[in-house]
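The structure under discussion appears below in the form of structure tokens.
Protein chains in written order, with my numbering: chain A, 12 to 108; chain B, 12 to 108; chain C, 12 to 108; chain D, 12 to 108.
Next up, the structure:
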């Protein structure tokens with residue numbers, strides 16, 4: 012299992028991004044992928060790289076459809092082979108047991 | 012107000028980082044800074060860059076004290092001058108209004 | 012055209028990563044994708060998200076084959092629709108005209 | 012020695028960032044810090060976290076002075092205690108010896 016987080020930053024469309032963040036969350040909801048919105052980025056849980064990257068590509072396409080002409084995306088991926096991980100398991104560690 | 016998130020990745024100390032994550036959270040708690048732990052990183056709310064960067068430096072020093080010989084830190088900063096922002100306000104946007 | 016950079020950080024395999032960086036560069040060379048190695052990450056030029064993400068997945072698989080049990084990957088993507096971009100065009104801006 | 016790279020993304024100021032990138036490079040040149048411009052970010056070599064963070068704060072202040080109302084900064088830091096590192100030593104690894 013892969014846990015990742017990502018943020019898509021629209022350039023050239025004013026300082027507010029909330030409109031775009033909501034559209035990306037709607038897209039994630041429709042895709043059925045497990046996600047958790049955070050203050051700076053959105054965490055995703057994926058079974059494969061294809062699933063993870065498919066969602067990030069769709070988020071970029073969504074913003075492009077909405078008229079954004081330049082999109083900067085940051086992604087951080089935790090790919091762990093020695094142990095099952097999930098958004099919950101990683102939050103458990105992070106929030107303290 | 013500045014909202015940021017960061018993650019400190021210990022290299023050379025096994026695949027588990029939970030011990031180090033807990034130590035960084037303890038340090039944040041003691042510093043009195045407002046933070047929110049996420050699955051991939053920890054969000055921070057700071058009044059100044061000095062406050063934000065002071066905490067990230069201390070997190071690196073903490074891991075070094077614990078014996079980590081190489082630390083990779085990722086930081087993303089949202090510095091907004093047109094509007095007050097906070098972890099809550101950004102979560103509000105992200106969780107949908 | 013998409014320009015991106017990425018770094019794959021092996022956890023649990025000592026503090027040195029040069030062995031792994033060289034293997035990823037070899038893989039990039041064989042894939043025929045245009046890339047530029049930097050001190051902190053490797054820049055890639057791709058025609059599609061599939062091409063970019065395919066390479067990042069292969070880099071993760073390569074490290075896994077080499078025995079790495081946990082891999083943290085950072086990616087930053089510049090997806091621009093209003094203008095053709097390339098590693099060179101972006102370096103030109105960055106190095107000053 | 013610390014090696015890092017960073018990028019400052021101006022929001023709300025059109026899709027072109029070259030004007031701002033040049034201003035940040037000018038600021039780095041004046042500060043005397045060692046840096047290397049890349050296609051996606053600028054690498055810095057610093058003796059201390061203060062030096063590194065001082066430069067990133069100044070880059071944010073510079074963009075604010077130029078009228079940018081929201082700035083997203085990404086930073087990745089390599090803090091290594093077991094070995095001297097530099098932009099050159101890390102490029103040497105990355106470009107292959």
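C-beta atoms are modelled at their ideal positions from N, C-alpha and C, and glycine is treated no differently.
Quick check on the DSSP output: the beta strand (DSSP E) that includes residue i runs from which residue to which?
i            : result
residue 94/C : Unbroken run through residue 94/C: none, as it is neither H nor E.
residue 55/A : 53-57
residue 34/A : First-last for residue 34/A: 29-42, but that is the alpha helix (DSSP H), not the beta strand (DSSP E).
residue 22/A : 13-22
Consider the Cβ of residue i: report whether some Cβ of chain B lies at a distance smaller than 8 Å.
i             : result
residue 30/D  : no
residue 95/D  : no
residue 57/A  : no
residue 38/D  : no
residue 101/A : yes
Hey, does residue i have any beta-carbon neighbour from chain D nearer than 8 Å?
i            : result
residue 42/A : no
Would you say residue i lies against chain C (beta-carbon separation less than 8 Å)?
i            : result
residue 22/B : yes
If you draw a straight line from the C-alpha of residue i to the C-alpha of residue j, how long is it?
i             : j            : result
residue 103/B : residue 47/C : 39 Å
residue 52/D  : residue 45/D : 14 Å
residue 92/B  : residue 78/D : 10 Å
residue 35/D  : residue 95/A : 43 Å
residue 69/C  : residue 98/D : 26 Å
residue 50/A  : residue 38/C : 36 Å
residue 63/A  : residue 54/C : 20 Å
residue 108/A : residue 32/B : For residue 108/A, the predicted model reports a pLDDT of 41, less than 50, meaning its position is unreliable; a value from the coordinates is still stated below. Whole-angstrom Cα-Cα distance: 11 Å.
residue 19/A  : residue 43/B : 30 Å
residue 41/B  : residue 74/B : 16 Å
residue 109/A : residue 89/A : Because chain A here runs from 12 to 108, residue 109/A falls outside it and cannot be looked at.
residue 29/B  : residue 30/D : 42 Å
residue 56/B  : residue 21/A : 22 Å
residue 23/B  : residue 65/D : 29 Å
residue 16/C  : residue 25/D : 22 Å
residue 61/C  : residue 85/D : 24 Å
residue 13/B  : residue 58/B : 6 Å
So residue i is in the alpha helix (DSSP H); what residue range does that whole segment cover?
i            : result
residue 73/B : 60-76
Quick one: does residue i have its CB under 8 Å from some CB of chain A?
i            : result
residue 26/D : yes
residue 89/C : yes
residue 92/C : yes
residue 3/B  : Given that chain B is displayed from residue 12 to residue 108, the structure contains no residue 3/B and the question cannot be resolved.
residue 13/B : no
residue 98/C : no
Using CA atoms only, rank isn't needed, just tell me which of the options is closest to residue i.
i            : options                   : result
residue 80/C : 12/B, 13/B, 27/B and 14/B : 27/B
residue 82/C : 71/A, 83/A and 87/A       : 87/A
Original post:
Using a Cβ cut-off of 8 Å, which residues of the stretch 60-87 of chain C contact any Cβ in chain B, in chain order?
Top reply: Of all residues in the stretch 60-87 of chain C, the ones placed with a Cβ closer than 8 Å to any Cβ belonging to chain B are 80, 81, 83 and 85, in chain order.
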